[in-house]
Amino acid sequence: MTAQEKSLLYNLLNKADCLFSGKVSSDFQHIDFENDNDSVVEQNNVQAQAGVAETKGSPHAEAEAEIKKIALSVAQCNKCILSKTRTNTVPGIGKIPPIVLVIGEGPGADEDRTGEPFVGKAGQLLDKMLAAIQLSREDNCFIANIVKCRPPANRTPLPEEAQACANFLQAQIDVLKPKMILAVGNTALHNLLDTTAGIKKLHGKFFNYQGIPLLATFHPSALLRDESLKRPAWEDLKLFRSKLLEIVPDYQSSYLNGGSD
Ligand code: URA
-17 MTAQEKSLLY NLLNKADCLF SGKVSSDFQH IDFENDNDSV VEQNNVQAQA GVAETKGSPH
43 AEAEAEIKKI ALSVAQCNKC ILSKTRTNTV PGIGKIPPIV LVIGEGPGAD EDRTGEPFVG
103 KAGQLLDKML AAIQLSREDN CFIANIVKCR PPANRTPLPE EAQACANFLQ AQIDVLKPKM
163 ILAVGNTALH NLLDTTAGIK KLHGKFFNYQ GIPLLATFHP SALLRDESLK RPAWEDLKLF
223 RSKLLEIVPD YQSSYLNGGS D
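To convert, note that position 53 of the sequence shown is 35 in this note's numbering; the numbers rise steadily by one, no gaps.
Spelled out as structure tokens, the structure:
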């Protein structure tokens, strides 16, 4: 059994105990569970969450295996308090190696439940935004977040939480070697570029992130809240596409729309 599964079960049993006995959740001791050593199930769960295809015979088997290893470390991480309330870790998903790495903020409720990034309403909009410039998680993008566990009530991750998770994203970037990075929203912008300037000021500009061109645009959740941001976001995406065409002139041929065309 994985540590996550044990923790989930423990929390459920405690909740049931509270219901029947009138105890409160703070009556229960916090336990840092550990993965069973021989847990094949755990490996499989994490590999499924890592969202990478079977490695055998793949020309990118080494990178795929590294990404799985990172996902496994994420699943075992309890460096910050977000690990105490998560259901699933959300390491990231997509094509290995990708042409583009998309970086968001952190998992929400749907992502916490499924272990996949950007699967809720904002995720559906993100997929549409990417498709508009011939990108998709199935064909040529990898999607990750600044933090890999859901902040309670979807609050913005605290600096120490982002810091505790930074090595995982760095390791992913080192393995994936994307040609460009699309940062969506303030949290990605602030943590990647070490700035406090807002996305309204810095969107649509190119930055050099460890030698990789990075452009920041609005988070799809912001677009869902404020329709007027859709036009500037589209302008940003067109700039991103132009730059990508300079770097990878035939990138659009990798786009098969997730196989649905
Ligand atoms: N918002 C994010 O920033 N990331 C997700 O994975 C989902 C919603």
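Using N, Cα and C, we set each Cβ at its ideal position, and we do this for glycine too. Model, not experiment: these values are computed from the prediction.
Terminal residues of the beta strand (DSSP E) in which residue i lies
i, result
"Leu83", "82 to 86"
"Thr178", "Where Thr178 is concerned, there is no enclosing beta strand (DSSP E), given that its DSSP letter is neither H nor E."
"Pro195", "194 to 199"
"Leu108", "No beta strand (DSSP E) holds Leu108; the alpha helix (DSSP H) holding it covers 103 to 114."
Near the ligand FMN: residue i beta-carbon under 7 Å from a heavy atom
i, result
"Ala104", "With respect to the ligand FMN, the structure offers nothing, as its ligand set consists of the ligand URA."
Close Cβ partners of residue i (< 7 Å) along its chain, the five nearest in sequence each way excluded
i, result
"His185", "Ala198, Thr199, Phe200, Pro214, Asp218"
Nearest to residue i (by Cα), restricted to the options the options
i, options, result
"Ile258", "Ile81, Asn60, Gln192, Leu175", "Given a span of -17 to 243 for the chain in the structure shown, any question on residue 258 remains unanswerable."
"Leu211", "Tyr(-8), Asn136, Lys182", "Lys182"
"Gln145", "Asn(-4), Ile128, Asp94, Ala104", "Ile128"
"Lys103", "Leu(-5), Leu206, Glu228", "Leu206"
"Ala204", "Leu107, Val101, Pro99, Asp92", "Leu107"
"Pro160", "Lys130, Pro134, Tyr191, Leu140", "Tyr191"
"Ala57", "Arg137, Glu142, Cys147", "Cys147"
"Pro141", "Ser118, Asn168, Leu117", "Asn168"
"Leu(-9)", "Asn70, Leu54, Ala53", "Asn70"
"Leu112", "Leu64, Ala53, Val166, Thr178", "Val166"
Rounded C-alpha distance that separates residue i from residue j
i, j, result
"Pro79", "Lys66", "31 Å"
"Arg68", "Leu174", "23 Å"
"Leu226", "Asp94", "31 Å"
"Val230", "Phe222", "12 Å"
"Lys51", "Ala153", "10 Å"
"Cys59", "Gly105", "25 Å"
"Gly76", "Asp(-1)", "40 Å"
"Leu164", "Gly86", "9 Å"
"Phe189", "Pro134", "31 Å"
"Ala43", "Ser3", "52 Å"
Terminal residues of the alpha helix (DSSP H) in which residue i lies
i, result
"Phe222", "212 to 229"
Contact set for residue i: own chain, Cβ-Cβ below 8 Å, skip 5 residues either direction
i, result
"Leu158", "Ala45, Ile49, Ile78, Pro79, Pro80, Leu83, Phe124"
Per-residue DSSP class, three states only, for residue i
i, result
"Asn127", "strand"
"Tyr237", "coil"
"Phe189", "strand"
"Ile163", "strand"
"Ser21", "Note on Ser21: pLDDT 49, under 50, position unreliable in the model; no value is reported."
6 Å CB neighbourhood of residue i in its chain, flanking five on each side removed
i, result
"Tyr233", "Ile81, Leu226"
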